[in-house]
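J.: Have a look at this one before I ask anything.
Number of protein chains: 2
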Amino acid sequence: MQAFKELLDNSSLKATHQRIAILNELAKKGHASIDEIYESIKQSFPSISLATIYKNIASLKEKNIVSEVCNHQKTKFEITKEPHAHLICTKCGAIEDIEFKNSINKEIEKDYPNSKKELSIYSLCSKCI
Amino acid sequence: MQAFKELLDNSSLKATHQRIAILNELAKKGHASIDEIYESIKQSFPSISLATIYKNIASLKEKNIVSEVCNHQKTKFEITKEPHAHLICTKCGAIEDIEFKNSINKEIEKDYPNSKKELSIYSLCSKCI
DNA sequence: TTCTGTGCAAATCTTTTGCATGGCA
DNA sequence: TGCCATGCAAAAGATTTGCACAGAA
Chain S
45 MQAFKELLDN SSLKATHQRI AILNELAKKG HASIDEIYES IKQSFPSISL
95 ATIYKNIASL KEKNIVSEVC NHQKTKFEIT KEPHAHLICT KCGAIEDIEF
145 KNSINKEIEK DYPNSKKELS IYSLCSKCI
Chain A
45 MQAFKELLDN SSLKATHQRI AILNELAKKG HASIDEIYES IKQSFPSISL
95 ATIYKNIASL KEKNIVSEVC NHQKTKFEIT KEPHAHLICT KCGAIEDIEF
145 KNSINKEIEK DYPNSKKELS IYSLCSKCI
């Protein structure tokens with residue numbers, strides 16, 4: 045995935061196999077926890093270490109390449125993208141990205157200009173509906 | 045605090061000193077982490093154990109008497125109250141309760157009726173502004 | 001009196017760290 | 001080649017559990 049290499053180059057992080065694998069995993073799953081990432085990458089890359097996942101998630105967060113999503117269960121991570129809201133399924137726990145409506149954003153900006161906003165909606169996801 | 049005793053009675057949780065102390069602490073601070081609660085209660089109640097705080101926060105959450113607030117740092121808790129949003133200070137880390145505007149609520153309800161919603165705004169709190 | 005809750009200590013997870021070695025630029 | 005990143009193992013931190021005893025109802 046050439047795009048990830050560039051992303052890392054631009055952030056002065058070396059494009060190691062491990063980092064690319066983590067980003068691929070997040071791209072594939074959308075949202076994943078530290079040990080979901082670890083267990084999955086270990087299949088194709090048995091020598092990878094948990095500590096490497098922790099260290100890389102930390103540096104990728106610092107560079108704002110990945111973001112943390114809180115769901116009151118196991119913390120998950122996603123590749124940072126356009127602002128969006130999260131739908132957290134009250135049945136299966138899945139996280140879905142949903143639109144962060146511009147009307148809502150504007151309403152908040154009135155009182156808190158240039159603020160980062162996190163909106164989570166707890167309801168049924170598209171599979172459980 | 046008589047009100048807390050009733051709250052506990054109604055949830056079939058015994059109104060122990062420890063539970064009342066935890067609820068008082070949360071009422072006083074607004075938002076506190078497990079060990080902030082522990083350190084503070086220990087002053088006036090030296091025999092209290094960390095495990096008791098954990099167990100009680102778990103049962104109080106289960107009964108929806110307290111809620112968890114995620115701030116991407118140390119998880120904090122608050123006494124469950126009217127729906128509201130959180131302002132999380134990007135300078136000092138403080139959490140403030142702010143209004144969850146009805147217009148925003150309505151906008152979300154159109155698409156996700158009867159959903160629980162969490163909105164966090166990262167900006168400067170009233171003290172750091 | 002009964003049964004839930006507490007406190008302690010141990011067990012379990014989770015996350016971080018130090019350091020020698022490996023590998024990208 | 002020069003550094004940053006990796007992997008391992010150990011350390012540190014956070015959370016949970018089991019059990020005997022205490023205390024609310």
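As given, the protein sequences belong to chains S and A, one line each in that order.
As numbered in the numbering used here, residues 45 to 173 make up the first sequence, in order.
As numbered in the numbering used here, residues 45 to 173 make up the second sequence, in order.
Backbone N, C-alpha and C fix where the C-beta goes; we use that ideal spot for every residue, glycine too.
#1: Using the Cα positions of Leu-52 of chain S and Glu-122 of chain A, report the straight-line distance between them to the nearest angstrom.
#2: Just how far apart, CA to CA, sit Leu-104 of chain A and Ile-85 of chain A?
#3: Chain S beta carbons: is any one of them nearer than 7 Å to that of Leu-163 of chain A?
#4: Starting from the Cα of Gly-74 of chain S, find the closest Cα among S:Asp-155, S:Ala-59, S:Glu-151, S:Val-110 and give me that residue.
#5: If you count every other CB in all the chains shown that lies within 10 Å of the CB of Ser-164 of chain S, and 16 or more means buried, which is it?
#6: Residues of chain S with a CB under 8 Å from the CB of Ser-147 of chain A: which are they?
#7: Buried or exposed: which applies to Asn-158 of chain A, given that a residue is buried once 16 or more other Cβ atoms fall within 10 Å of its Cβ?
#8: Which residue wins for smallest C-alpha separation from Tyr-166 of chain A, given the options A:Gly-137, A:Glu-106, A:Thr-119?
#9: Could you run through the region 71-88 of chain A and flag, in chain order, every residue whose CB is less than 9 Å away from some CB of chain S?
#10: Which chain S residues sit within Cβ distance under 8 Å of His-116 of chain A?
#11: Pick out whichever of S:Glu-69, S:Leu-57, S:Tyr-156, S:Ile-173 has its Cα sitting closest to the Cα of Gln-87 of chain S.
#12: For chain A, find out if any of its Cβ atoms is closer than 7 Å to the Cβ of Ser-91 of chain S; answer yes or no.
#13: Contact check, Asn-108 of chain S vs Thr-124 of chain S under 8 Å by CB: the rounded distance?
#14: Under 7 Å, do Ile-216 of chain A and Lys-160 of chain A count as touching if we go by C-beta distance?
#15: With 7 Å set as the bound, which would you pick, yes or no: does the beta-carbon of Lys-160 of chain S sit closer than that to a beta-carbon of chain A?
#16: Residues in its own chain within less than 8 Å of Ile-92 of chain S by CB, not counting five upstream and five downstream?
#17: Output the residue ranges of the alpha helix (DSSP H) runs that lie fully inside the region 49-110 of chain A and measure 4 residues or longer, sorted by chain position.
#18: Taking the alpha-carbon positions, what's the Ser-170 of chain A to Pro-127 of chain S distance?
#19: Scan the region 121-158 of chain S and note each continuous beta strand (DSSP E) run of 3 residues or more that stays entirely inside, going in chain order.
#20: Verify whether the separation of the beta carbon atoms of Ile-132 of chain S and Asn-115 of chain S is less than 7 Å.
#21: Could you give the residue range of the beta strand (DSSP E) that holds Ser-170 of chain S?
#22: In chain order, what residues of the same chain have a beta carbon less than 8 Å from the beta carbon of Lys-49 of chain S, not counting five sequence neighbours either side?
T.: Put simply:
#1: For the purposes of this step, residue 52 of chain S is taken as residue 8 along the first sequence, with counting starting at 1. For the purposes of this step, residue 122 of chain A is taken as residue 78 along the second sequence, with counting starting at 1. About 39 Å.
#2: Taking the second sequence and counting its residues from 1, one reaches residue 104 of chain A at position 60. Taking the second sequence and counting its residues from 1, one reaches residue 85 of chain A at position 41. Near 17 Å, if we compare the C-alpha coordinates of Ile-85 of chain A and Leu-104 of chain A.
#3: Residue numbering aside, residue 163 of chain A sits at position 119 when the second sequence is read from its first letter. Yes, because at least one Cβ of chain S sits closer than 7 Å to the Cβ of Leu-163 of chain A.
#4: For the purposes of this step, residue 74 of chain S is taken as the residue at position 30 of the first sequence. Nearest of S:Asp-155, S:Ala-59, S:Glu-151, S:Val-110 to Gly-74 of chain S, Cα basis: S:Val-110.
#5: Counted from its first residue, the first sequence places residue 164 of chain S at position 120. Buried is the call here.
#6: On the second sequence, position 103 is the one that residue 147 of chain A refers to. Here the neighbours are Glu-151.
#7: One-based indexing of the second sequence puts residue 158 of chain A at position 114. Classification for Asn-158 of chain A: exposed.
#8: Counted from its first residue, the second sequence places residue 166 of chain A at position 122. The shortest C-alpha separation from Tyr-166 of chain A is found at A:Gly-137.
#9: none
#10: Taking the first residue of the second sequence as 1, we reach residue 116 of chain A at position 72. Ordered by position in chain S, the residues that pass the 8 Å Cβ test against His-116 of chain A are Glu-112, Cys-114.
#11: Position 43 of the first sequence holds residue 87 of chain S. It is S:Glu-69.
#12: Position 47 of the first sequence, counted from the first residue, corresponds to residue 91 of chain S. So, not an interface residue.
#13: Looking up residue 108 of chain S in the first sequence gives position 64. Looking up residue 124 of chain S in the first sequence gives position 80. Contact flag correct, Cβ pair sits at about 5 Å.
#14: With chain A covering 45 to 173 only, the question about residue 216 of chain A has no answer from this structure.
#15: In the first sequence, residue 160 of chain S corresponds to position 116, counting from 1. Cβ-Cβ to chain A under 7 Å: yes for Lys-160 of chain S.
#16: Along the first sequence, read from residue 1 onward, the residue named residue 92 of chain S stands at position 48. Once the five neighbours on either side are set aside, the close Cβ partners of Ile-92 of chain S are Gln-62, Ala-65, Tyr-82, Ile-85, Lys-86.
#17: 61-73, 78-88, 94-106
#18: Here residue 170 of chain A refers to the residue found at position 126 when the second sequence is read from its first residue. Here residue 127 of chain S refers to the residue found at position 83 when the first sequence is read from its first residue. Rounded to the nearest angstrom, the two C-alpha atoms are 25 Å apart.
#19: 129-133, 139-142
#20: As a position in the first sequence, residue 132 of chain S is number 88, starting the count at 1. As a position in the first sequence, residue 115 of chain S is number 71, starting the count at 1. Yes, these two residues count as a Cβ contact at 7 Å.
#21: Here residue 170 of chain S is taken as the residue at index 126 of the first sequence, counted from 1. That residue, Ser-170 of chain S, is in no beta strand (DSSP E); it is neither H nor E in DSSP.
#22: What you label residue 49 of chain S is simply residue 5 of the first sequence in a count that begins at 1. Ala-59, Ile-64.
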